[in-house]
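K.L.:
Shown below is the structure under consideration.
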Amino acid sequence: MSIHIGALKGEIAETVLLPGDPLRARFVAETFLQDAVCYNEVRGMLGFTGLYKGRRVSVQGTGMGIPSHLIYVHELLAEYGVKRAIRVGSCGAMQPDIRLNDILIAMSASTDSHINRLRFHGADYAPCADYGLFARACSVAEALEIPFRAGNILSSDVFYGDDPQAWKLWADFGVLAVEMETSGLYTEAARFKAQALSILTVSDSLLTGQALSSTDRERSFRSMMELALELA
Ligand code: HPA
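Counting from 26, one number per residue, gives the positions in the sequence shown under my numbering.
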C-alpha cells in the first residue's frame, strides 16, 4: 500500500485511466469493465481494476488540480509499476472552432503553475504527450470515427481567477482549451519513463459561457472512454 492508495502490489494494472472525479471512476468500472474490483477507498478517491475486451485496466480518481493529481500519479508510477497513465477529463474551449462535446487530445500542455519551475530550478520544462500513445489514440479515433482535435492545452492552477480575460493571451498563441492537470501528468510520466496522454471532452466554452448539461456530458464522456479504453 502507498500513502494514498490502499491497493496491494499487483492489484493495479499497467494501464490506468485517470478521471478527476472518483465517482466517474466507479461509473467507468460499472459501465465498461468486466469483473471490476475496487482496490482503493482511501479519502473516497475510488480506484478499480477490471477487464476491457480481455485486457486488464485500472481506473483511478485523482481529484482536481495538479497537486492532487500528482499525488496519485506519483504513487501509481513509483510504487505500483504503472506504465501507461491516461487522463480522461473535461476542459473549457478557448478557440471559436472548438465546440461543446468535442474531443481533444493534448499534444503538449502549457501552464501557469510553478510546479515545474520548482523542479527545474526556475527553468521551463515543456511537457508533451508520449508520441506512441498519442499516435495510437489518433488512429484509434479515426478507426472509431470519433472526430477529435489535437494540440496544445493549458493546465491552469486557477479555476476562479480575478481577471476574466486572462485566457485570451493563451488563445492568441493557439492554445485549444483549459483544464487543470495535464502539465503535471506529462512531466511526472517523463520522470518515470512511463507513457502518458490526456484525452479531454469540451464541457464548457470560455468564449460563449455555454456549458454542457449533465446528459450531454455523459454522451461525450462515453466516446472519450471508448477511445481511452482501446489504448489499454
Ligand atoms: N477551466 C479549468 N478547468 C476546466 C474548465 C475550465 O473552464 N472546464 C473544464 N475543466
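Note that CB positions come from ideal geometry on N, CA and C, so glycine has one too.
Between the alpha carbons of residue 156 and residue 106, how many angstroms are there, rounded?
P.N.:
The straight-line gap from Cα to Cα measures roughly 20 Å.
K.L.:
Going straight from the alpha carbon of residue 193 to that of residue 120, what length do you get?
P.N.:
9 Å
K.L.:
Among 146, 56 and 94, which one has its Cα closest to the Cα of residue 247?
P.N.:
56
K.L.:
Got a sec: does the ligand HPA put a non-hydrogen atom nearer than 8 Å to the Cβ of residue 115?
P.N.:
yes
K.L.:
Hey, would you say the C-beta of residue 238 is under 8 Å away from at least one heavy atom of the ligand NAP?
P.N.:
The ligand NAP is absent from the structure shown, which contains only the ligand HPA.
K.L.:
Check each candidate in 203, 127, 182 and 50 and name the one with the smallest Cα separation from residue 139.
P.N.:
If we check each option's Cα against that of residue 139, 182 comes out closest.
K.L.:
Would you list, in sequence order, the uninterrupted alpha helix (DSSP H) runs of no fewer than 4 residues that lie entirely inside the stretch 119-159?
P.N.:
140-144
K.L.:
Considering only residues of the same chain and omitting the five flanking positions on each side of residue 39, which have a CB-CB separation below 8 Å?
P.N.:
81, 106, 107, 108 and 109
K.L.:
Does the contact criterion of 3 or more C-beta pairs under 8 Å hold for the stretch 84-92 versus the stretch 34-50?
P.N.:
yes
K.L.:
Consider the C-beta atom of residue 231 and the heavy atoms of the ligand HPA; say whether any pair is separated by less than 8 Å.
P.N.:
yes
K.L.:
Which value, in whole angstroms, describes the spacing of the CA atoms of residue 185 and residue 79?
P.N.:
42 Å
K.L.:
Which parts of the stretch 158-190 are runs of the beta strand (DSSP E), unbroken and 3 residues or longer, counting only runs that do not cross its ends?
P.N.:
173-180
K.L.:
Do you know how far the Cα of residue 70 is from the Cα of residue 31?
P.N.:
10 Å
K.L.:
Could you say which of 62, 220, 240 and 37 lies nearest to residue 101 if we only look at CA atoms?
P.N.:
37
K.L.:
Kindly indicate which three-state DSSP category residue 98 falls into: helix, strand or coil?
P.N.:
helix
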